[in-house]
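Asker:
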Amino acid sequence: MNLSFGRLTTFGLVFGLMSTIVASTVAHRVEAQDIMPAGRTAVEIKDGVYPATYFPNTEILGADEMRITALGTGMPNQTKAAVSISFFVELGNGDKFLFDIGTGSTGNLFSLRPDFSKIDKVFFSHLHVDHVGDFMGLHVGGWLSGRYTPLRIFGPSGATPELGTKYYVESMQKAYAWDLQTRAGALPDAGAKLDVTEFDYMQENEVVYDENGVTIRSWPAIHSLDGSVSYSLEWNGLKYVFGGDTYPNSWYVKYAKGADIASHEAFLPPKALAEYFGWSLKQATYVSTRIHTEPAAFGKVMSAVGPRMALGYHSVLSPENYQAILEGVRSTYDGPLTLSRDLQVINLTKDNLITREVSVDDYALPPSVGQAYIDAPRSEEKSPSDKVNAGKWGGYTPPAMPD
Ligand SMILES: [Zn+2]
Ligand SMILES: [Zn+2]
23 MNLSFGRLTT
33 FGLVFGLMST
43 IVASTVAHRV
53 EAQDIMPAGR
63 TAVEIKDGVY
73 PATYFPNTEI
83 LGADEMRITA
93 LGTGMPNQTK
103 AAVSISFFVE
113 LGNGDKFLFD
123 IGTGSTGNLF
133 SLRPDFSKID
143 KVFFSHLHVD
153 HVGDFMGLHV
163 GGWLSGRYTP
173 LRIFGPSGAT
183 PELGTKYYVE
193 SMQKAYAWDL
203 QTRAGALPDA
213 GAKLDVTEFD
223 YMQENEVVYD
233 ENGVTIRSWP
243 AIHSLDGSVS
253 YSLEWNGLKY
263 VFGGDTYPNS
273 WYVKYAKGAD
283 IASHEAFLPP
293 KALAEYFGWS
303 LKQATYVSTR
313 IHTEPAAFGK
323 VMSAVGPRMA
333 LGYHSVLSPE
343 NYQAILEGVR
353 STYDGPLTLS
363 RDLQVINLTK
373 DNLITREVSV
383 DDYALPPSVG
393 QAYIDAPRSE
403 EKSPSDKVNA
413 GKWGGYTPPA
423 MPD
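Using my numbering, you'd call the opening residue of the sequence shown number 23 and step up by one each time.
This is the structure:
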């Protein structure tokens, strides 16, 4: 048993935690450096040789390169190390995409200090809060930190209109109407706007987004109710697949084929899930093997898909959970594997595939806004009513406003 665990652990380390580097020639593109923290300079990566750790904003993404950062890989009940699901995809053409924005994930997004003027697209796999719970934080936080255009949301319909993405977004917007009204005027007007694209959850590998050389398709997943989907993003000959929560499904096996990175849930196996929640083995078995995909089933799916890298997520990878998941996956799949943790990053080109940890500051400040944000049109600033303002205390006089 110990020997077997040792072999599995080594295998997992080799393919999961260490880096796979193949030398390559990568064309490079110089990005704007105005969001760089003081003291840091972005450098080109030469000959596929990357620093051991990724410090955000210190590497120039190659023109042919894709960077995928795990912002959240955990469960609905978060831990400090594993918040709910979100993946951030950056392309060498400057485009940026979010897949899911689960509860707690915006903290990790902000810790990267990205250029929020470009973070204007999020794709929902389904409407569980561990996949969309930080939607408000993305909308308002991004608006405060540089986005001066509408936030675009792409997501599936449901079995009825009130179970679809459009209903979710419009209802959320009503729920925090007070917040939005307080900021209107102080912040660019267009940044408050939401632009929803709801598509048929049953569509099979149909295009939901096709701009600037980037094609995103969706297909159904099988999870709790109708209305969970998976996505593929194809650009520049590279294919990233983001799996929505699901029972192993034939659409994924069919349409994830050819993926460079195939991400898919690798949920806790029944016994570990029972211990995690304190559930009965019966309930844990139902959730792990009927609503989700247990590790051995994940392995079977990946053996059928055969990606360059299989990426499993949707667990808190404590040492014992990690061992249980790895053992399950390795019983059915022996290919390249990453069991993903929060703030892991993958750099991908046709020749390179490297997995590293991201190093961020606990007190990283939000990125500065750009000139276009400062110049963007604003309506009138809001103020409390006269009857409330009448209660201002005379014991304090604010300083004069600067010119
Ligand atoms: Zn779910
Ligand atoms: Zn989930």
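Even for Gly, the Cβ is constructed at its ideal location relative to N, Cα and C. Only a predicted model underlies this, so the values are computations on that prediction, with no experimental measurement involved.
(1) Could you compute how far the alpha carbon of SER401 sits from the alpha carbon of ASP211?
(2) So PRO136 and PRO389 are supposed to be a Cβ contact under 8 Å. How far apart are they, rounded?
(3) Please classify ASP156: is it buried, with 16 or more other beta-carbons within 10 angstroms of its beta-carbon, or exposed?
(4) Closer than 8 Å: is that where the CB of HIS245 sits relative to any heavy atom of ligand 1?
(5) Compute the distance between the beta-carbons of SER147 and TYR308, then report whether it is under 9 Å.
(6) Taking THR128 as the reference, give the member of THR419, ALA386, LEU348 and PRO292 with the closest Cα.
(7) Going by the beta-carbon positions, is the gap between SER179 and ASP222 smaller than 9 Å?
(8) So, do the region 75-86 and the region 109-121 have three or more beta carbon pairs nearer to each other than 8 Å?
(9) Give the range of the alpha helix (DSSP H) segment to which HIS153 is assigned.
(10) Do ALA104 and LEU359 count as a contact pair if the criterion is CB distance below 9 Å?
(11) Distance cutoff 9 Å, beta carbons only. Does PRO98 sit that close to anything in chain C?
(12) Just how far apart, CA to CA, sit GLY207 and GLU220?
(13) Name the one or two DSSP bridge partners that LEU160 has.
(14) Report yes if the C-beta distance between GLY70 and THR371 is below 9 Å; otherwise report no.
(15) Within the continuous beta strand (DSSP E) that includes GLU228, where are the two ends?
(16) Can you tell me where the beta strand (DSSP E) holding GLU112 begins and where it ends?
(17) Report the start-end ranges of each beta strand (DSSP E) in the region 239-307 that is 3 residues or longer and not cut off at the edges.
(18) Could you name each continuous alpha helix (DSSP H) segment of 4 residues or more that falls completely within the region 67-116, going from the start of the chain to the end?
(19) Determine the burial state of LEU365: buried for a count of at least 16 other Cβ atoms within 10 Å of its Cβ, exposed for fewer.
(20) According to DSSP, is VAL391 helix, strand or coil?
(21) Taking all protein chains shown into account, do 16 or more other C-beta atoms lie within 10 angstroms of the C-beta of THR377, making it buried, or fewer, making it exposed?
Answerer: Taking the coordinates as given:
(1) Position 379 of the sequence shown, counted from the first residue, corresponds to residue 401. Position 189 of the sequence shown, counted from the first residue, corresponds to residue 211. Straight-line spacing of the CA atoms in SER401 and ASP211 works out to 7 Å.
(2) Translated into the one-based positions of the sequence shown, residue 136 becomes position 114. Translated into the one-based positions of the sequence shown, residue 389 becomes position 367. Right, the Cβ-Cβ distance comes to about 7 Å (below 8 Å), so this counts as a contact.
(3) Residue mapping note: residue 156 aligns to position 134 of the sequence shown, counting from 1. ASP156 should be labelled buried.
(4) Sequence index remark: in the sequence shown, residue 245 carries index 223 (1-based). Indeed, a heavy atom of ligand 1 lies less than 8 Å from the Cβ.
(5) Residue mapping note: residue 147 aligns to position 125 of the sequence shown, counting from 1. Residue mapping note: residue 308 aligns to position 286 of the sequence shown, counting from 1. In this structure, TYR308 does not lie closer than 9 Å to SER147 by Cβ.
(6) As a working mapping, residue 128 is identified with position 106 in the sequence shown. Among THR419, ALA386, LEU348 and PRO292, the Cα nearest to that of THR128 belongs to ALA386.
(7) The count along the sequence shown starts at 1 and reaches residue 179 at position 157. The count along the sequence shown starts at 1 and reaches residue 222 at position 200. The Cβ atoms of SER179 and ASP222 sit closer than 9 Å to each other.
(8) At 8 Å Cβ cutoff, the stretches touch.
(9) Taking the sequence shown and counting its residues from 1, one reaches residue 153 at position 131. For HIS153, the enclosing alpha helix (DSSP H) starts and ends at 151-154.
(10) Stepping through the sequence shown from its first residue, residue 359 is reached at position 337. Stepping through the sequence shown from its first residue, residue 104 is reached at position 82. Against a cut-off of 9 Å, the Cβ pair of ALA104 and LEU359 comes out as no contact.
(11) You won't find chain C in this structure, because it holds only one protein chain.
(12) Residue numbering aside, residue 207 sits at position 185 when the sequence shown is read from its first letter. Residue numbering aside, residue 220 sits at position 198 when the sequence shown is read from its first letter. Each residue's alpha carbon lies about 29 Å from the other.
(13) Position 138 of the sequence shown holds residue 160. DSSP lists no partner for LEU160.
(14) As a position in the sequence shown, residue 70 is number 48, starting the count at 1. As a position in the sequence shown, residue 371 is number 349, starting the count at 1. Yes, Cβ-Cβ distance for GLY70 and THR371 is below 9 Å.
(15) Counting from one through the sequence shown, the residue named residue 228 turns up at place 206. Annotation for GLU228: the continuous beta strand (DSSP E) segment containing it runs 228-233.
(16) Numbered from 1 along the sequence shown, position 90 holds the residue referred to as residue 112. Membership of GLU112 in the beta strand (DSSP E) is indicated by the continuous run 108-113.
(17) Within the region 239-307, the complete beta strand (DSSP E) runs of at least 3 residues are 247-257, 260-264 and 283-287.
(18) The DSSP assignment places no complete run of the alpha helix (DSSP H) inside the region 67-116 (cut-off: 4 residues).
(19) For the purposes of this step, residue 365 is taken as residue 343 along the sequence shown, with counting starting at 1. It counts as buried.
(20) As a position in the sequence shown, residue 391 is number 369, starting the count at 1. Residue state for VAL391 is assigned as coil, using DSSP reduced to three classes.
(21) The residue given as residue 377 occupies position 355 in the sequence shown. By the neighbour-count rule (16 or more Cβ atoms within 10 Å), THR377 is buried.
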